[in-house]
Amino acid sequence: MMRREALTRLREGGGFYGRGQDGNRFPDMHIELDPSDHEEPTWEVRRAGEGRKRRLDRRTRMILGIAALAAVVVNAGAAWSYWQITGSEVAVADGPPVELSLRARSDLNRPLAPGHTGDLIVTVTNDSDFPIRISSVTGDGPVVADPEHGEAGCRPTGVELTRPRFDVQWEVSRNTVGAFNVPGGLSMRADAKKTCAGAIFAVPVRVSGVRKQGG
Numbered sequence: 623m624m625r626r627e628a629l630t631r632l633r634e635g636g637g638f639y640g641r642g643q644d645g646n647r648f649p650d651m652h653i654e655l656d657p658s659d660h661e662e663p664t665w666e667v668r669r670a671g672e673g674r675k676r677r678l679d680r681r682t683r684m685i686l687g688i689a690a691l692a693a694v695v696v697n698a699g700a701a702w703s704y705w706q707i708t709g710s711e712v713a714v715a716d717g718p719p720v721e722l723s724l725r726a727r728s729d730l731n732r733p734l735a736p737g738h739t740g741d742l743i744v745t746v747t748n749d750s751d752f753p754i755r756i757s758s759v760t761g762d763g764p765v766v767a768d769p770e771h772g773e774a775g776c777r778p779t780g781v782e783l784t785r786p787r788f789d790v791q792w793e794v795s796r797n798t799v800g801a802f803n804v805p806g807g808l809s810m811r812a813d814a815k816k817t818c819a820g821a822i823f824a825v826p827v828r829v830s831g832v833r834k835q836g837g
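So this is what it looks like as structure tokens:
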């Protein structure tokens, strides 16, 4: 690597010289460097806890809040985090219960509006060593708004499933996460509170599923 003194000489016009095959000297290419090209980097050392804090925007806070809320519901042992997985398509609970993480929410990109419908997004984490097939989705409790809108007065939300039961054919491979969309699965009452506008909603659901044959 070139030393700084040599590079300085190049800038001042001194240049480097070499010799051709005939023995004559010739100047090498003249190099121009800006200080930013060769100055040594400087490093800022921070003590633990002195890191620069970045302000989260409103949308990010809402998403994190609803994720935390859903995690609390799952960890509390709600029915929507447990399935009966059996070895056949018959709805017989003859297999042991398998614990899975299951969350449902409103569409992040298209917030619900009073008097309108929106999509229901269901995310399933299958930690089992076998694939599963989901056949139906039903509601399992009141819909809850994200913490920011909930504290602002969005209680109750006026949001509910558009049907008592949705028949689906979802498959989730073993040790994977599946995200599924139920078009028009949610609706907001026309007289919903104004404080619910733009909120993200956590939707408790119960699903029926079986162990996929051949998995």
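By my numbering, the letter at position 17 of the sequence shown is numbered 639, and the numbering carries on one by one without gaps. Note that beta-carbon positions come from the ideal geometry of N, C-alpha and C, so glycine has one too.
{"Asked": "Assuming the contact rule is C-beta atoms closer than 8 Å, residue 827 and residue 762 should be a hit. Round their C-beta distance to whole Å, please.", "Found": "6 Å"}
{"Asked": "Name the DSSP bridge partner or partners of residue 756?", "Found": "792, 831"}
{"Asked": "Please list, in chain order, all residues of the same chain as residue 829 whose beta carbon is under 6 Å from its beta carbon, the five residues on each side excluded.", "Found": "756, 759"}
{"Asked": "Should residue 789 go down as buried or exposed, given a rule of 16 or more other Cβ atoms within 10 Å for buried?", "Found": "exposed"}
{"Asked": "Could you pull the DSSP bridge partners for residue 728 from this structure?", "Found": "742"}
{"Asked": "Assuming residue 772 is part of the beta strand (DSSP E), what are its boundary residues?", "Found": "It is not in any beta strand (DSSP E) - residue 772 instead sits in the alpha helix (DSSP H) that spans 769-773."}
{"Asked": "Once the 5 residues before and after residue 670 are set aside, which same chain residues still bring their CB inside 8 Å of it?", "Found": "Because the pLDDT of residue 670 is 41, which lies under 50, any placement of that residue in the model is unreliable, and the number read from its coordinates should be weighed accordingly. Excluding sequence neighbours, residue 670 sits near nothing in its chain."}
{"Asked": "Taking all protein chains shown into account, decide if residue 779 is buried (16 or more other Cβ within 10 angstroms of its Cβ) or exposed.", "Found": "buried"}
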